[in-house]
Amino acid sequence: MNLTFDSATNLRLKALLMGLVAPLAILILSLKSLRVLGHRELQSITEALQLYRSDILLLILFFLAGSIVIYTLRYRNQKIALGVLQLAAVLWAAIETIAHQFYVVTGSTIDFGLFLFSVQRLGDTGQVILSEVPGILMLLLALVILMLLLFPWFIVYQSVADEQPRKVGWKPVLAIASLGFVSSPWSIITVDHIDNPGFSRSNLINFAFSMARLGDDVVTGEVI
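With my numbering, the residue at position 35 of the sequence shown is 41, and numbering never jumps.
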């Protein structure tokens, strides 16, 4: 199948949306719903819906950032970019699942320091995982990872190029970048009525924040 640059770009954007963002959204929002339904501080549906803001905006930002990369790269580099986005999505799915189970067991949001400690003692951690993590959760993660690895390329190679592909141009790129710039701060703002601020943020953001704090502690000499 001989694709023009514009046709290839459109196919890869479709693969990004349907093959990466959609499976991630199913996993992230399903696990978030389990945590929200088990939260007893919520007084109304409106308060509950606010807890999804960070996760939804981060998913949108992932799609926007991926779209910008795909728009701006040449044909062959787009394949590499899609592969990198796949790896990022798989890592995100793994972190999300670990963070969810961490919250279920401990009642606290994920902390990179504890995660690093667990990785360093992987033998003992493996036994804990097998005893604490439900089989259905591991199956869900495995299915999502399988979709993330296979579905995007299925979309790319099974689709047919448009006979008259629409020229991409720079206006969509500017629109995507502007939307991402405006929405990105809202993904890290916490919800006021929740005692645990990290609960209202995406697990990925909590993970990144704790990683940054650990890095600062190492630099200042507080962690040896």
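For glycine and all other residues, C-beta sits at the position ideal for the given N, C-alpha and C. Please read these numbers as outputs of a predicted model, since none were measured by experiment.
When you compare each of H106, L26 and F123 to T115 by their alpha carbons, which one comes out closest? H106
Are there 16 or more other CB atoms within 10 angstroms of the CB of Q37, so buried, or fewer, so exposed? According to the sequence provided, residue 37 is Leu. The question's Gln does not apply to it. With 16 or more Cβ atoms within 10 Å of its Cβ, L37 is classed as buried.
Coarse secondary structure for V139, derived from DSSP in three states: coil
Relative to the C-alpha of A218, which residue among S39, L55, P158 and F118 is closest? F118
Look at the Cβ atom of L155, then the Cβ atom of L91, and state whether they are nearer than 8 Å. no
Own chain, CB closer than 7 Å to A87, minus 5 neighbours either side, in chain order: V75, I76 and L79
For L30 versus L65, is the C-beta distance shorter than 8 Å? yes
According to DSSP, is Y163 helix, strand or coil? helix
Residues of its chain near F213, where Cβ-Cβ distance is below 7 Å and the 5 sequence neighbours each way are ignored: I101, A105, I116 and F118
Whole angstroms is fine: what's the gap from N209's alpha carbon to L17's? 30 Å
In whole angstroms, what is the alpha-carbon distance linking Y109 and V139? 12 Å
Could you tell me if R207 is buried or exposed, where buried requires 16 or more neighbouring beta carbons within 10 angstroms of its beta carbon? buried
Since I believe V42 is in contact with M57 (beta carbons under 8 Å), could you give me their beta-carbon distance rounded to a whole number of angstroms? With the sequence shown as reference, residue 57 is identified as Leu, and Met is not the correct amino acid for it. Contact holds; Cβ gap of about 5 Å.
Just the C-alpha distance for S73 and L19, rounded to the nearest angstrom, thanks. 6 Å
Sort W159, K85, Q84 and A95 by Cα distance to A148 and report the nearest one. A95
Based on Cα-Cα distance, which residue from T15, S39 and Q164 lies nearest to A54? S39
Rounded to a whole number of angstroms, what is the C-alpha to C-alpha distance between T24 and F68? Reading off the sequence, residue 24 comes out as Met, not Thr. One C-alpha to the other measures close to 13 Å.
Return the first residue and the last residue of the alpha helix (DSSP H) that F205 is part of. Careful: F205 lies outside any alpha helix (DSSP H) and carries neither H nor E.
According to DSSP, simplified to helix, strand and coil, what is G113? coil
Do V150 and A21 count as a contact pair if the criterion is CB distance below 8 Å? no
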